[in-house]
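For reference, the structure discussed in these notes is given below.
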Amino acid sequence: MSSSAARRRAQRRRRTTVVLVLCTALVVGGAWAAWRFVDDSEVLVRERCTAVVGPDSFELAPDQAANAALISAVSMDRGLPARAASIGIATGFQESKLRNIDYGDRAGPDSRGLFQQRPSQGWGSEEQVMDPVYAANRFFQELELVAPDFEDMDITVAAQKVQRSAFPDAYADHEPEGRAYASALTGNSPAGLNCVLKSPQAPGDAAGFATALTEQLSSADPVAAADGSTVTLSASGTRGWALVQWAVAHAQQFGVTSASFGGLQWVRSEHGWVSATGPQAAEGTVTVTFHR
């Protein structure tokens with residue numbers, strides 16, 4: 086082989102090596118850029134839930150929305166009308182900002198939980214009032230006892246009859262959001278609740294979801310897939326919308342990626358509701374899927 090031919094072959098090898106290196110760099114760089122884009126996009130997501138009724142919308146943090154859903158579910162479990170859920174949610178917002186806090190204030194140093202119930206005033210033990218399901222049931226038990234005509238009362242009047250607060254008119258400040266969240270979570274406003282969430286970082290908890298739902302709404306009959314990928318519930322009408330929006334409100338807690346009913350599907354990655362297709366569009370069924 087001549088020296089010139091050898092040089093040409095060496096040059097071709099060098100060019101091939103350079104091309105391969107550049108291609109590898111582009112692939113790696115593209116993957117890194119894609120990862121950074123997804124990562125940066127996740128950082129920019131501001132997690133929140135919003136209830137919309139007519140022209141009005143009200144925003145809560147996901148944990149607050151989950152507690153609003155709990156209050157609503159307990160009211161449904163007791164067979165109460167949506168008005169009771171409105172009263173309960175407005176009261177919870179005023180008393181604790183819908184968070185299960187373990188401290189009181191100067192007026193009630195032993196107040197605890199969603200409704201700031203006081204063990205010293207006969208609401209139950211500290212352990213009991215710190216259990217949100219117990220606390221909600223206890224609130225509605227008292228509402229039925231002291232304000233049996235609550236449906237005809239202003240929300241703040243009914244709430245005050247139960248709570249006996251030093252600030253009896255304060256509950257009025259939260260009547261609009263109480264009504265909006267109750268309307269969605271009792272199923273009277275289809276797709277009225279939306280949550281914008283980041284992607285799940287851990288596998289979803291279908292079993293925990295089913296347990297929590299039945300603790301709050303004992304008549305629910307969730308069926309979890311063996312692999313934990315889905316939970317389905319038979320439901321129709323407002324009950325179906327109540328259940329699917331309960332799932333949306335608890336999506337952050339249990340790693341829900343989608344929830345469908347009535348031809349619509351809440352999709353976590355889409356940050357909202359879209360038209361349901363395929364099995365997700367089945368009539369009379371709420372279908373909830375979990376991150377795997």
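In our numbering, each residue carries its 1-based index in the sequence shown increased by 85.
Note that beta-carbon positions come from the ideal geometry of N, C-alpha and C, so glycine has one too.
Small disclaimer: the values here were computed from a predicted structure and weren't measured.
Counted within 10 angstroms of its Cβ, other Cβ atoms place residue i as buried (16 or more) or exposed
i	result
Ala311	exposed
Ser343	buried
Gly173	buried
Ser321	exposed
His335	buried
Glu180	buried
Leu230	exposed
Pro288	exposed
Phe252	exposed
Gly164	exposed
Gln226	exposed
Ser354	exposed
Pro307	buried
Thr374	buried
Collapsed DSSP secondary structure at residue i in the structure displayed
i	result
Ala146	coil
Ser345	strand
Trp331	helix
Ser319	strand
Leu165	coil
Leu282	coil
Thr299	helix
Gly293	helix
Asp258	helix
Trp351	strand
Thr374	strand
Gly357	strand
Arg418	The chain is shown from 86 up to 377; residue 418 falls before or after that span and cannot be answered.
Thr271	coil
Gln206	helix
Thr176	helix
8 Å Cβ shell around residue i - same chain, five flanking residues per side excluded
i	result
Gly202	Note that residue 202 corresponds to Gln in the displayed sequence, not to Gly. The residues are Ser196, Trp208, Gly209, Val214, Ala220, Arg223 and Phe224.
Val218	Leu155, Val159, Glu300 and Gln301
Lys283	Glu127, Val130 and Glu132
Ala323	Looking at the sequence itself, residue 323 is Thr, so the reference to Ala does not match. Around Thr323: Thr271, Gly272 and Asn273.
Leu378	As displayed, the chain neither begins before 86 nor continues past 377, which places residue 378 out of reach and without an answer.
Thr369	Note that residue 369 is Gly in the sequence shown, not Thr. Answer for Gly369: Ser319, Ala320, Ser321 and Gly325, listed in chain order.
Contacts around residue i, its chain only, beta-carbon distance under 6 Å, and the 5 residues preceding and following it disregarded
i	result
Phe346	Gly325, Val329 and Val371
Leu145	Cys134
Ala76	Because residue 76 is not part of the residues shown, which for the chain are 86 to 377, the question remains open.
Gln149	Leu183
Ser303	Asp162
Ala255	Gln179
Val137	Gly277
Tyr266	Ala136, Ala153 and Ile174
7 Å CB neighbourhood of residue i in its chain, flanking five on each side removed
i	result
Gly189	Asp195, Ser196, Arg197 and Gln201
Examine the Cβ distances between the segment 194–201 and the segment 258–265 and report whether three or more of them are shorter than 8 Å. no
What residue ranges within the segment 220–269 form continuous alpha helix (DSSP H) runs of no fewer than 4 residues, ordered along the chain? 240–248
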